[in-house]
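Q:
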Amino acid sequence: MTALTQSIALASESGVPRTAPSKTADRLFKGAAYGSALLVLLVLAGILGSIIYGAMPAFREFGFGFLTSSAWNIGTEQFGALPAVIGTVAAALLALVIGVPVSLGIAIYLTQLCPGWARKPVAMTIELLASVPSIIYGMWGLFVFAPLFARFVQVPVSNLVEGLPIVGTILYARIPSGVGVLTAGIILAIMIVPFVASITRDMLDQIPTVLRESAYGIGCTTWEVVRHVLVPQASVSIIGAIMLGLGRALGETMAVTFVIGNANRLSASIFDPGSTIASRIANEFNEADGLQLSSLMALGCLLFIITFVVLIIARLLVRRTKVA
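When we follow this note's numbering, the leftmost residue of the sequence shown carries the number 147, and every step to the right adds one.
#1: For Ala319 and Asn305, what's the separation of their Cα atoms in angstroms?
#2: Can you check whether the C-beta of Met270 is within less than 8 Å of a C-beta belonging to chain B?
#3: Determine the contact status of Leu449 and Ala428, defining contact as a CB-CB distance below 8 Å.
#4: For the alpha helix (DSSP H) holding Gly284, just list the boundary residues, first then last.
#5: Which same chain residues end up closer than 7 Å to Asp351 when comparing Cβ atoms and leaving out the 5 residues on each side of it in sequence?
#6: In chain order, what residues of the same chain lie with their CB nearer than 6 Å to the CB of Met443, ignoring the 5 residues before and after it?
#7: With a CB to CB cut of under 7 Å and the five nearest residues on each side skipped, what residues in its chain are close to Val313?
#8: Helix, strand or coil for Phe212 per DSSP?
#9: Using the three-state DSSP reduction, which class does Gly226 fall into: helix, strand or coil?
#10: From Ile416, Ile406, Phe417, Trp286, pick the residue whose C-alpha is nearest to that of Arg426; which is it?
#11: Roughly how many whole angstroms lie between the Cα atoms of Leu239 and Leu357?
#12: Based on the DSSP output, what are the partners of Trp218 in its beta bridges?
#13: As a quick exercise: from Met349, Met400, Ala414, Ser280, pick the residue whose alpha carbon is nearest that of Ile385.
#14: Sorted by chain position, which residues of the same chain lie with C-beta nearer than 8 Å to Phe431's C-beta, five sequence neighbours on each side aside?
#15: Whole angstroms are fine: how far does the CA of Lys169 sit from the CA of Val162?
Given below as structure tokens:
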């Protein structure tokens, strides 16, 4: 029992009259709370409404064909979203495929294997990576990583797989410049690793120590403890961290704009340049008008829908994991 509850109990037993709470202050508090919640909804509705209103001319002009067309010709005012949508999804998925295993490995190392003297420096390094501005990642990717990637990865791999079925299509670079969808995915992976690793590490730290010690006590190896104890206990939080990283990857603009190549075309090769919704909007929004501006607004609507679908999938996965 706290001191406050003890005072209230003593006052009630002794018959001391209590001062009635101020109804005005209570009303003000409730009004401020309701107003804050309503403000968030109004801002979201305003943003979404303005984007939809701006995108209506493009939707009326192109209809469903806007989603399936790969054309983007300013001169003839023919615009399609398919290359940007596919580029957005491809870069984000590549970032997850590369970044999630690394993030989980970092989190497991920090919580299970890292010696005490090295834990804090490594954790601070991860947090420092999270604070680096995205434009710095983009500049480093374009001027440092891309040339090295072209020389030591794209050229040798392209020479190796040229002419092979399927693999030769996916991993062949027609012009090995270093920029492309895979490069964007790698840079995005580096950017999401700190977020996923930090959240996963915090969740693993919150697992009761008795569970780990009990598993080690019956002869489990570190791998068995991680697989059968830690990961199941933190699975919901890990899924949430992964979805947070996916949301960051889908909406990233500046870093992707530097390294993806900004080519409006469909290609089966992940080494070839491409574009994302965010990079296309960033490249053209400043000088766009008329139907082009409306088409960029329509791309913004599609990005909003994609992130909303990701949120729904995350909710379903979390609910299914909790039930299991």
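Glycine residues also receive a C-beta, built at the ideal position from the N, C-alpha and C atoms. Nothing here was measured: the structure is a model prediction, and the numbers come from that model.
A: Inspection of the coordinates gives the following:
#1: Reading the sequence shown from its first residue, position 173 is the one you call residue 319. Reading the sequence shown from its first residue, position 159 is the one you call residue 305. Between Ala319 and Asn305, the C-alpha separation is close to 9 Å.
#2: Among the chains of the structure shown, chain B does not appear; only one protein chain is present.
#3: In the sequence shown, the residue the question calls residue 449 occupies position 303. In the sequence shown, the residue the question calls residue 428 occupies position 282. Here Leu449 is not near Ala428, since their CB atoms are 8 Å or more apart.
#4: Start at 1 with the first residue of the sequence shown, and residue 284 comes out as number 138. Counting along the chain, Gly284 sits inside the alpha helix (DSSP H) bounded by residues 280–286.
#5: For the purposes of this step, residue 351 is taken as residue 205 along the sequence shown, with counting starting at 1. These residues qualify, in order along the chain: Thr257.
#6: In the sequence shown, counting from the first residue as 1, residue 443 sits at position 297. Cβ within range, chain order: Ile197, Gly200, Ala201.
#7: On the sequence shown, position 167 is the one that residue 313 refers to. These residues qualify, in order along the chain: Val307.
#8: Start at 1 with the first residue of the sequence shown, and residue 212 comes out as number 66. Of the three classes helix, strand and coil, the one that applies to Phe212 here is helix, per DSSP.
#9: Numbered from its first residue, the sequence shown carries residue 226 at position 80. Under the three-state reduction of DSSP, Gly226 is assigned to coil, being neither helix nor strand.
#10: Taking the first residue of the sequence shown as position 1, residue 426 is located at position 280. For Arg426, the nearest C-alpha among the options comes from Ile406.
#11: Sequence index remark: in the sequence shown, residue 239 carries index 93 (1-based). Sequence index remark: in the sequence shown, residue 357 carries index 211 (1-based). Using only the alpha carbons, I get a separation of about 34 Å.
#12: On the sequence shown, position 72 is the one that residue 218 refers to. Under DSSP, Trp218 takes part in a beta bridge, and its partners are Phe225.
#13: Taking the first residue of the sequence shown as 1, we reach residue 385 at position 239. Looking at the Cα atoms, Met349 is the closest of the given residues.
#14: For this step, residue 431 is matched to residue 285 along the sequence shown. Taken in chain order, the residues that qualify are Leu439, Leu442.
#15: As a first step, residue 162 is located in the sequence shown; it is residue number 16 there, counting from the start. As a first step, residue 169 is located in the sequence shown; it is residue number 23 there, counting from the start. Caution is warranted here: a pLDDT of 48 is assigned to Val162, below 50, making its placement in the model unreliable, and the coordinate value is therefore given only provisionally. Distance between the alpha carbons of Val162 and Lys169: 21 Å.
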